[in-house]
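Counting in full-length UniProt numbering, the sequence shown runs without a single skipped number right up to 164 at its last residue. Using N, Cα and C, we set each Cβ at its ideal position, and we do this for glycine too. For reference, the structure discussed in these notes is given below.
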Amino acid sequence: MRYQLIISYAVICITLIIIVGFPSHHIVNTGAITFKNMNASKDAFTIKTQSILPPNTRIFFTDTEWNGSHFGIDEHTLLWNSGKDSIPIGSIIHFKSLKSHTIPSIGHAKGILKIASKKEAIFAYQGTERMPTHFIAGIAYQLSDYGTLDHTGLIIDSTAVVLH
């Protein structure tokens, strides 16, 4: 009897840890956000939602070039969590203070980016820090700044913005 009580208690505790301790992370489609700008002198970039982002959506942003199969290891990555509420279509989200302590206008972020004034790209994706499972959007000063868009599913002037 006592053994069954301990087992029941353990199952309840593990269930609570899984439900409360590990929030769900929602997968969003390519194009769910688009980049509006990136600005090295203002240490910032801006995105716009093109679909509803569920609560606790996690998106990585990196300024590392893509080589067709993986990112390099020479630059930076930040992880953004959209927060506890859904974010509606058409929402503008600003990210500032990228070099020190990234501050998004909605949600919270961990990590930094160091946007250069030329030869720079930012990718938005889901997966792990250095290995995307799928790409959401990109922005670059020049097309060549992406490295390549091979195997990303991003489309130039749609989900992959080129500023110049």
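Start and end residues, beta strand (DSSP E) containing residue i
{"i": "residue 113", "result": "Residue 113 -> no beta strand (DSSP E), and no H or E assigned at all."}
{"i": "residue 107", "result": "Neither: residue 107 is in no beta strand (DSSP E) and is coded neither H nor E."}
{"i": "residue 154", "result": "Element bounds for residue 154: n/a, residue is neither H nor E."}
{"i": "residue 36", "result": "33–39"}
{"i": "residue 132", "result": "132–140"}
{"i": "residue 161", "result": "160–162"}
{"i": "residue 148", "result": "Unbroken run through residue 148: none, as it is neither H nor E."}
{"i": "residue 99", "result": "Neither: residue 99 is in no beta strand (DSSP E) and is coded neither H nor E."}
Cβ distance (whole Å) where residue i is taken to contact residue j below 8 Å
{"i": "residue 137", "j": "residue 27", "result": "That belief does not hold up - the Cβ atoms of residue 137 and residue 27 are roughly 14 Å apart, past 8 Å."}
{"i": "residue 113", "j": "residue 60", "result": "So it is not a contact: roughly 11 Å between Cβ atoms."}
{"i": "residue 82", "j": "residue 53", "result": "5 Å"}
{"i": "residue 111", "j": "residue 79", "result": "6 Å"}
{"i": "residue 174", "j": "residue 63", "result": "The chain is shown only over 1 to 164; residue 174 falls outside these bounds and no answer can be derived."}
{"i": "residue 143", "j": "residue 161", "result": "At roughly 10 Å, the Cβ-Cβ gap does not stay under 8 Å, so residue 143 and residue 161 are not in contact."}
Contact under 8 Å by Cβ, residue i with residue j
{"i": "residue 147", "j": "residue 65", "result": "yes"}
{"i": "residue 41", "j": "residue 117", "result": "yes"}
{"i": "residue 44", "j": "residue 95", "result": "yes"}
{"i": "residue 129", "j": "residue 77", "result": "yes"}
Spatially closest choice to residue i from the options, by CA coordinates
{"i": "residue 107", "options": "89, 85, 119 and 121", "result": "85"}
{"i": "residue 72", "options": "91, 131, 103 and 39", "result": "131"}
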